[in-house]
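Quick note: the sequence shown uses the numbering used here, first residue 10, plus one each step.
Cβ coordinates follow ideal geometry from the N, Cα and C atoms, glycine included.
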Amino acid sequence: MMMSQAEIPVIAIDGPVGSGKGTIARQVAEALGWHLLDSGALYRLTALAAIKRGIALDDDARLAELAAHLDARFGSDAEGGERIWLDEEDVTAAIRTEECGAGASAVAALSPVRDALLDLQRSFRKAPGLVADGRDMGSHVFMDAGLKVFLTASPQERAKRRYKQLNDKGIDVSLAALSRDIEERDRRDQERSVAPLRPAEDARELDSSNMSIEEVVSTVLDWAAGR
Ligand code: DC
10 MMMSQAEIPV
20 IAIDGPVGSG
30 KGTIARQVAE
40 ALGWHLLDSG
50 ALYRLTALAA
60 IKRGIALDDD
70 ARLAELAAHL
80 DARFGSDAEG
90 GERIWLDEED
100 VTAAIRTEEC
110 GAGASAVAAL
120 SPVRDALLDL
130 QRSFRKAPGL
140 VADGRDMGSH
150 VFMDAGLKVF
160 LTASPQERAK
170 RRYKQLNDKG
180 IDVSLAALSR
190 DIEERDRRDQ
200 ERSVAPLRPA
210 EDARELDSSN
220 MSIEEVVSTV
230 LDWAAGR
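1) Give a yes or no on whether the C-beta atoms belonging to leucine 126 and leucine 66 are separated by under 8 Å.
2) Tell me the DSSP secondary structure of arginine 194 in three-state form.
3) Grouping DSSP H, G and I as helix and E and B as strand, with all else coil, what is valine 226?
4) Which residue marks the beginning of the alpha helix (DSSP H) containing glutamate 107, and which one marks its end?
5) Run the proximity test for aspartate 128: is its beta-carbon closer than 7 Å to any non-hydrogen atom belonging to the ligand DC?
6) What's the gap between the Cα of arginine 189 and the Cα of alanine 113?
7) Using CA atoms only, rank isn't needed, just tell me which of Gly138, Gln199, Leu79 is closest to valine 122.
8) Helix, strand or coil for glutamate 39 per DSSP?
9) Please confirm whether any heavy atom of the ligand DC lies closer than 7 Å to the CB of arginine 167.
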């Protein structure tokens, strides 16, 4: 029997940069055998498509048009690694650059773009279920999600995780500067007028500062199972 859209369960995982929600969402989806939506990637794809076409990152109308007709495809390569294509071109690495991140942040502040991406985001809701990772999954896109998690970690912990990530890549940065960046970005995300980063009213908050990835994943799975 076909399930109607509303019957397909959704777990929304929202939170600030560095909270680990991307990793947690992927592992929860794998454990359940559910689909995964990385909504940040859609904002990044919109920014990349705009940059390629020479569309200004504040041109609401053209950006919304672009977002509404994104030719994006999510899949995996022969080794099972995640790949993302835009207009049939593999852009997996291209959308993770700082330039694309900054562009994504700019286009994400425009409500016509956010509205244009709604249908695309909701189209990821397929049986047997969806784990959706973002900023407004529980508060806006999937308001009827059965479980909404707002994942946080202290700014110090998030700065430390980012520091380690960059260090592992051989990039030299100061921990103090990273902490300042993170606090500044938090303030901007929480104070912006369009879709500010805030937990949905019925979200369960989880502070992962002193938890391992495994502990966070098993907590979310326990909540999903109603334990
Ligand atoms: O999570 P990320 O870094 O890939 O997100 C890229 C940008 O998109 C970031 O500036 C926040 C924004 N974003 C958003 O506004 N709403 C979402 N649901 C996901 C991402």
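Once the coordinates are examined:
1) The Cβ atoms of leucine 126 and leucine 66 do not sit closer than 8 Å to each other.
2) The answer is helix: DSSP assigns arginine 194 an H, G or I state.
3) Helix.
4) Glutamate 107 -> alpha helix (DSSP H) spans 107–117.
5) Checking the 7 Å criterion, the Cβ of aspartate 128 is out of range of every heavy atom belonging to the ligand DC.
6) If I take the Cα positions, the gap works out to 21 Å.
7) Nearest to valine 122 by alpha-carbon distance, out of Gly138, Gln199, Leu79, is Leu79.
8) Assignment of glutamate 39 by DSSP, reduced to helix, strand and coil, places it in the helix class.
9) With a cut-off of 7 Å, the C-beta of arginine 167 is classified as distant from the ligand DC, since no heavy atom of the ligand falls inside that distance.
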